[in-house]
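Note that the sequence shown covers residues 2 to 376 in my numbering.
These notes concern the structure reproduced below.
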Amino acid sequence: MDKGASTAGCAEACEEDEGDGGVDPGGGGRAPSADDESRRILREAAARTSSSLARIWLGPKIWETERLPTLEELRPEKELLEEERVSIRYGREMVRAVGERSHAKSLGEGCGQHEHEAAWATLRGLEDGALEAVAVGFAEHECSALGTELRAGSRNFARLFLSAEGLSLLQAVANELHGLSLEHCWAWDVVGERHEEEYSVVWGVKRILARIQDVMVRNHLVEDRSNRAVGRRDCCAHTPGICLEYFDASRSVKWWSLHPCMHWVCDPCFNQLIEGPLIQQRERLRAEAKAEKEMATTHREAATKFEASIQDAGAGQLHGVVQALDRLATETEEKASHLFEESFGTPPVCPHCAETVRDAISQRIMVVEHDGGSQ
Numbered sequence: 002m003d004k005g006a007s008t009a010g011c012a013e014a015c016e017e018d019e020g021d022g023g024v025d026p027g028g029g030g031r032a033p034s035a036d037d038e039s040r041r042i043l044r045e046a047a048a049r050t051s052s053s054l055a056r057i058w059l060g061p062k063i064w065e066t067e068r069l070p071t072l073e074e075l076r077p078e079k080e081l082l083e084e085e086r087v088s089i090r091y092g093r094e095m096v097r098a099v100g101e102r103s104h105a106k107s108l109g110e111g112c113g114q115h116e117h118e119a120a121w122a123t124l125r126g127l128e129d130g131a132l133e134a135v136a137v138g139f140a141e142h143e144c145s146a147l148g149t150e151l152r153a154g155s156r157n158f159a160r161l162f163l164s165a166e167g168l169s170l171l172q173a174v175a176n177e178l179h180g181l182s183l184e185h186c187w188a189w190d191v192v193g194e195r196h197e198e199e200y201s202v203v204w205g206v207k208r209i210l211a212r213i214q215d216v217m218v219r220n221h222l223v224e225d226r227s228n229r230a231v232g233r234r235d236c237c238a239h240t241p242g243i244c245l246e247y248f249d250a251s252r253s254v255k256w257w258s259l260h261p262c263m264h265w266v267c268d269p270c271f272n273q274l275i276e277g278p279l280i281q282q283r284e285r286l287r288a289e290a291k292a293e294k295e296m297a298t299t300h301r302e303a304a305t306k307f308e309a310s311i312q313d314a315g316a317g318q319l320h321g322v323v324q325a326l327d328r329l330a331t332e333t334e335e336k337a338s339h340l341f342e343e344s345f346g347t348p349p350v351c352p353h354c355a356e357t358v359r360d361a362i363s364q365r366i367m368v369v370e371h372d373g374g375s376q
């Protein structure tokens with residue numbers, strides 16, 4: 002399951018401009034260098050100051066893992082769960098598909114409810130090797146940038162979760178995600194996606210769970226809860242003639258993720274509902290601020306000239322008039338500054354929930370029909 006990729010059934014969205022994961026693609030068996038050792042020492046020293054840094058920098062990679070993790074080891078660190086502004090601070094590092102306010106929540110709803118117990122029992126009852134395509138697909142797609150040996154290690158990691166015990170762990174993760182609030186699911190969206198966390202254990206577990214959910218959907222064991230199947234309930238696809246066609250087009254399209262509410266709007270709606278009014282408002286306020294600033298400059302210059310003239314004339318009794326002009330200039334300058342600050346500080350609201358939009362991040366993706374084969 003790639004970043005920004007839909008994993009449940011009908012649609013698969015693939016981001017075009019994914020960054021470098023920070024792992025040497027050819028690093029299969031390379032001996033550690035002096036630079037590697039220096040980085041290791043620095044990471045260990047920094048990680049002592051924060052459990053988050055310790056998890057990110059010192060956690061094992063998937064090809065180094067030969068046992069199943071515990072559910073506790075997979076959970077986001079406490080600091081991340083308590084982060085009130087997680088969707089703003091980590092917006093670019095949260096794995097979601099267009100239309101999903103939380104990918105983790107979508108996984109929980111898709112295969113973590115009580116009604117999905119029979120589906121998990123069916124998978125646990127399959128013969129050994131029946132789910133091998135999941136491990137192969139994980140290694141060849143999610144880990145395609147790695148060298149041959151590391152891909153083999155990644156495939157072995159995925160196989161750990163195809164046993165009855167491994168499937169039970171995946172089910173426990175899905176059950177937990179279903180029971181969490183949306184905000185706590187955002188922490189799960191972040192963990193494993195931050196810089197240096199690619200190919201971490203939790204990074205791999207989330208993607209394997211997504212592939213297992215896809216197997217369930219394609220074999221009609223669970224309901225398809227992809228955005229396309231449920232009517233894109235978290236997108237702005239409510240405007241006939243714009244959004245529905247825009248989402249369905251098999252071409253490169255642009256979507257905007259609004260923060261902190263995490264709703265999505267397509268580019269035409271963003272320009273119409275958010276960017277356009279915001280630009281107009283900023284232009285109006287900045288024009289007013291410019292006029293006030295020019296007036297303040299005029300008052301200041303008048304006060305300065307008047308003070309110089311009365312000093313030359315020795316007319317000290319007019320000093321109060323100069324002070325009044327100076328105060329007027331100061332007040333006008335403050336008003337201009339307030340207007341200019343207001344031009345930045347009056348954000349638009351989300352068309353879905355009317356919550357104030359503090360930030361917006363764009364994703365350019367390709368939406369394609371799912372071919373029904375292994376991902």
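Beta carbons are placed, not taken as given, at the ideal position from N, Cα and C, and that holds for glycine.
Predicted model, so just to flag it, every value in this text is computed and none were measured.
Ends of the alpha helix (DSSP H) at V266?
No alpha helix (DSSP H) holds V266; the beta strand (DSSP E) holding it covers W265 to C267.
Quick one: Cα of R90 to Cα of L81, how far?
11 angstroms
So is R212 buried or exposed if we call it buried at 16+ other beta carbons inside 10 Å?
buried
So, at 7 angstroms on beta carbons, what are the nonlocal neighbours of D1 in its own chain, with the 5 sequence-adjacent residues on each side left out?
What is shown of the chain runs 2 to 376, which leaves residue 1 out entirely.
S145 versus R152 - alpha carbon distance:
7 angstroms
Residues in the same chain with beta-carbon distance under 6 angstroms from H117, minus the five sequence neighbours each way, listed in chain order, please.
V223
By Cβ distance, which residues of its chain are closer than 7 angstroms to V174, with the 5 residues on each side in sequence left out?
L72, L75, V206 and L210
Going straight from the alpha carbon of A165 to that of L132, what length do you get?
12 angstroms
Which residues in the same chain as L108 place their Cβ atom closer than 7 angstroms to its Cβ, once the five residues preceding and following it in sequence are excluded?
A175, L178, L210, A211 and Q214
Check whether the Cβ atoms of A134 and S155 sit closer than 8 angstroms, and answer yes or no.
no
Is it right to say Q364 is buried, meaning 16 or more other beta carbons lie within 10 angstroms of its own, or is it exposed?
buried
Report all residues from its chain with a CB closer than 6 angstroms to the CB of S201; omit the five preceding and five following residues, and keep chain order.
G60 and G193
State the Cα-Cα distance for the pair R226 and G111, rounded to the nearest angstrom.
6 angstroms
Work out the CA separation of E284 and W189 for me, nearest whole Å.
39 angstroms
Report the option in K62, R97, I63 and T357 whose CA atom is closest to the CA atom of W187.
R97
Rounded separation between A292 and V350 - CA only
28 angstroms
List, from N- to C-terminal side, the alpha helix (DSSP H) runs of 4 residues or more that fit wholly inside the region 127-158.
133-138
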